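**Q** Here's a structure for you.
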Amino acid sequence: MALRSLLLLALVGAVACSAGHGVHHLTTDTFAEAVGDGKVYFIKFFAPWCGHCKRMAPTWDELGDAFKGSDRVVIASVDCTEQKEVCTQAEIRGYPTLKVYYGGKAVDAYRGGRDLESLKTYAQDQAKQLLDETTA
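In this text, residue positions in the sequence shown follow the working numbering: the first is 5, and each later residue adds one.
As structure tokens, then:
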């Protein structure tokens with residue numbers, strides 16, 4: 005019984021830690037509707053065992069925090085080991101892969117620096133380009 009309580013506390017703690025960040029975790033069931041909602045989605049497709057993904061995780065969480073509550077940009081992630089259908093449809097070939105979605109479609113693949121400022125600037129530039137051209 006004590007082990008069950010300990011495991012439950014660990015699970016609750018893990019959920020609470022991940023819930024504090026502004027990163028939206030997309031699934032096969034939520035992906036299509038989410039990326040078609042009129043906002044710019046900057047998505048990290050990853051595998052939990054990937055070393056590059058592990059190194060990038062804290063920066064991606066910071067990026068999510070930076071855009072938390074934004075009405076223009078959503079920072080999201082897709083675990084390709086659990087959401088294989090989404091990753092197959094998105095033509096993911098390596099990890100992490102960073103893509104921008106708008107209007108239900110992939111519009112760009114990010115190939116720049118992996119530091120917070122580079123990622124933040126890119127997301128802001130994509131939002132300005134995609135959202136401002138649709139309102140012009």
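For each residue, glycine too, the CB sits at the ideal point set by N, CA and C. These figures come from a predicted structure and were not determined experimentally.
Taking Cβ positions, are residue 39 and residue 127 nearer each other than 9 Å?
**A** Taking 9 Å as the Cβ cut-off, residue 39 and residue 127 do not qualify as a contacting pair.
**Q** Could you have a look at residue 134 and say whether DSSP puts it in helix, strand or coil?
**A** Looking at residue 134 - three-state DSSP - the assignment turns out to be helix.
**Q** Return the chain-ordered ranges of every beta strand (DSSP E) run that is complete within the stretch 43-114 and spans a minimum of 3 residues.
**A** 44-50, 77-83, 101-106 and 109-113, all fully within the stretch 43-114.
**Q** Taking residue 96 as the reference, give the member of 114, 106, 121 and 107 with the closest Cα.
**A** Taking only the C-alpha atoms, the option nearest residue 96 is 114.
**Q** What number of angstroms, rounded off, separates the C-alpha of residue 136 from the C-alpha of residue 55?
**A** Looking at the two C-alpha atoms, the distance is approximately 36 Å.
**Q** Would you grab the beta carbon distance between residue 77 and residue 46 for me? Rounded to a whole angstrom, and I think it's under 8 Å.
**A** Residue 77 to residue 46, Cβ: 6 Å. Contact.
**Q** Between the alpha carbons of residue 67 and residue 105, how many angstroms are there, rounded?
**A** So the alpha carbons of these two residues sit roughly 16 Å apart.
**Q** So what does residue 28 bridge to, in DSSP terms?
**A** 80.
**Q** Taking the C-alpha atoms as reference points, what is the distance between residue 27 and residue 63?
**A** About 11 Å.
**Q** Return the residue from the list 70, 125 and 86 that minimises the CA-CA distance to residue 32.
**A** Comparing Cα-Cα distances from residue 32 to each of 70, 125 and 86, the minimum goes to 86.
**Q** Considering only the beta carbon of each residue, do residue 36 and residue 124 sit closer than 9 Å?
**A** It is not a contact, given that the beta carbons lie outside the stated cut-off.
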